[in-house]
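Worksheet: one structure, shown below.
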């Protein structure tokens, strides 16, 4: 078996269109998460009471994890001086 025939077989087993669709889905999901978290962070930072929309195809666990991450970022943002002091002490 030659190298070129092995390469053809390995490329055929990868199912490149399926792999590309999975990468596109992952990239789209990552962009959606980043957009939602940025909007949620800015709304919470400005103390707005309106709702930040999220995609309807997300599951509840993903939404909770995004909200928890935004909460941690807000705590870090509001306690910047304390965090800098703790980092300096260590």
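Residue numbers (the working numbering): 1414 to 1503. Each residue gets a CB set at the ideal place from its N, CA and C atoms; glycine is no exception. All values reported here derive from a predicted model rather than from experimental measurement.
Inset, instruction - Measure the C-alpha to C-alpha separation of residue 1479 and residue 1488 and round it to an integer number of angstroms. - result: 14 Å
Legend entry - residue 1472, enclosing alpha helix (DSSP H) - first and last residue: That residue, residue 1472, is in no alpha helix (DSSP H); it is neither H nor E in DSSP.
Inset, instruction - Measure the beta-carbon distance from residue 1466 to residue 1445 and round it to whole angstroms, keeping in mind my assumption that it falls under 8 Å. - result: So it is not a contact: roughly 11 Å between Cβ atoms.
Inset, instruction - Please work out which residues of its chain come closer than 6 Å, Cβ to Cβ, to residue 1477, disregarding the five sequence neighbours upstream and downstream, and give them in chain order. - result: none
Inset, instruction - Please state whether DSSP places residue 1465 in a helix, a strand or coil. - result: coil
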